[in-house]
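Asks: The numbering used here puts the first residue of the sequence shown at 72, with every later residue one more than the last.
By construction, the Cβ of each residue, glycine as well, lies at the ideal position given by its N, Cα and C atoms.
Since the structure is predicted, the reported quantities are computational estimates derived from the model, not experimental observations.
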Amino acid sequence: MNTVTEFENAVLIGASIRQARRHSGLSLRELARRLDVSPATLSAVETGKTRVSVDRLAAIGGILGVRFDALLPAAIVRPPEQPRWGGDDADPDAHFRPNEWRRFGPSSFDPVLAAALAEMVKTGYHGAAMREIAKRAQMSVPGLYHHYSSKQQMLAEILDLTMAELNTRSLAAIEEGESPDERLAFLVECVTLFHIYRRDQGFLGASEMRSLTAENRLRITESRNYQQWLMTKQVDDGIAAGVFETDRPRQAARAIVVMCVSVAQWYRPSGPQTPEEIARDYVRFALDLVRLQRP
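Right under this line is the structure:
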């Protein structure tokens with residue numbers, strides 16, 4: 072059975088805390104005050120930079136009115152009966168029943184983040200004006216600052232939540248595979264579908280990493296590196312099992328990730344293929360890259 076790393080646990084728990092806090096209506100500063108920690112410390116917890124103790128997690132759950140296990144990653148709790156990705160109650164710490172990682176509802180972004188994403192995709196990070204984001208979100212500029220202190224915070228939040236969802240879906244896809252080649256196939260399918268159905272987020276991640284502050288860039292780069300590690304591990308496992316015969320596993324794994332991610336740059340809903348057809352093609356291409364030994 073595959074498990075998440077300590078880093079991934081921290082990212083997913085942090086994203087779950089952030090989502091639960093927002094649903095409760097508490098500001099980061101107010102939750103920090105009730106926990107008797109600094110806002111900077113709580114911000115580091117929510118972004119996965121700082122790990123949170125069991126006692127502190129229980130205290131957070133008590134303040135926010137959520138069960139302790141609702142703040143834990145998918146790899147260490149029993150899945151609920153219904154998937155939670157998409158819709159108003161979507162949660163970055165979601166769990167998936169079989170095949171649910173293939174299904175995409177609306178993004179879980181709040182109205183401000185959804186507006187910021189749309190404006191940044193249209194004009195670029197530096198061209199996105201706060202007044203235009205506020206207009207898209209149907210609120211005043213002061214109202215916008217009530218939710219986010221800066222455009223930088225919006226960009227970082229979009230990319231943090233994007234990577235949390237992608238990594239959680241990826242782990243679910245891998246977990247469903249019963250052999251090394253099936254696990255690689257499911258992961259390729261998952262990453263490809265994600266970058267089609269969440270193509271605006273994928274496009275922003277590809278084009279605006281340079282616009283992040285050094286601290287935000289480092290954190291999100293670590294999460295992206297984890298995604299690459301997942302792909303590389305599936306290739307290595309297939310070689311160890313004797314089902315892949317590539318003699319350049321690192322290069323093959325990198326090429327597969329670039330192929331899957333780049334679909335966000337060119338896919339159009341009006342094109343000749345469905346997302347699922349493209350994903351099936353990419354699975355075949357990936358298995359050819361690693362030289363799958365077919366019967």
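Could you check if Q272 is buried or exposed, using at least 16 other CB atoms within 10 Å of its CB as the buried criterion?
Replies: So Q272 ends up on the buried side.
Asks: Please look up how many angstroms separate the CB atoms of W300 and R240, rounded, as I've assumed it's under 8 Å.
Replies: Not confirmed; about 16 Å, so no contact.
Asks: Which of helix, strand or coil does DSSP assign to F315?
Replies: In this structure, F315 counts as strand in the three-state DSSP scheme.
Asks: Report yes if the CB atom of R295 is closer than 8 Å to the CB atom of M234, and no otherwise.
Replies: Contact flag set, yes.
Asks: Kindly give me the distance between the Cβ atoms of E260 and A350, rounded to whole angstroms, as I take these residues to be in contact under 8 Å.
Replies: 5 Å between Cβ atoms; contact.
Asks: Counting Cβ pairs, one atom from each stretch, are 3 or more of them under 8 Å apart for the region 267-287 and the region 326-342?
Replies: Contact between the region 267-287 and the region 326-342 is present, because at least three Cβ pairs lie under 8 Å.
Asks: For R89, count the other beta carbons within 10 Å of its own beta carbon; 16 or more makes it buried, fewer makes it exposed. Which is it?
Replies: R89 comes out buried.
Asks: Is it the case that the region 318-333 contacts the region 283-293, given that we only count it when at least three CB pairs across the two stretches are under 8 Å?
Replies: No contact exists between the region 283-293 and the region 318-333.
Asks: Considering only the alpha carbon of each residue, which of I84, A81 and E117 lies closest to S98?
Replies: Checking every option, the nearest Cα to that of S98 belongs to E117.
Asks: Taking the Cβ atom as the reference point for each residue, do L283 and A227 lie within a distance shorter than 8 Å?
Replies: In this structure, A227 lies closer than 8 Å to L283 by Cβ.
Asks: Just tell me which of F315, V192 and I229 has its CA closest to the CA of S250.
Replies: Residue F315 is the option with its Cα nearest to S250.
Asks: Comparing C-alpha positions only, which one of D107, I229, A187 and M191 sits nearest to Q209?
Replies: Comparing Cα positions, the closest option is A187.
Asks: Reducing DSSP to helix, strand and coil, say where L97 ends up.
Replies: L97: coil per DSSP, three-state reduction.
Asks: Ignore the nearest five residues each way along the sequence and tell me which others in E203's own chain have a CB closer than 6 Å to its CB.
Replies: Hits under 6 Å: E190.
Asks: Apart from the five residues on each side of it in sequence, which residues of its chain come closer than 6 Å, Cβ to Cβ, to R122?
Replies: Same-chain partners within the cutoff: A81.
Asks: Assuming the contact rule is C-beta atoms closer than 8 Å, V183 and L215 should be a hit. Round their C-beta distance to whole Å, please.
Replies: At roughly 6 Å, the Cβ-Cβ gap stays under 8 Å, so V183 and L215 are in contact.
Asks: Rounded to the nearest angstrom, how far is the Cβ of G309 from that of V354, given a contact under 8 Å?
Replies: The pair is not a contact, with the Cβ atoms about 13 Å apart (cut-off 8 Å).
Asks: Starting from F274, follow the alpha helix (DSSP H) in both directions and report where the run begins and ends.
Replies: Where F274 is concerned, the enclosing alpha helix (DSSP H) stretches over R270 to S278.
Asks: Applying the 10 Å Cβ sphere with the 16-neighbour rule, what's the burial state of G85?
Replies: G85 comes out buried.
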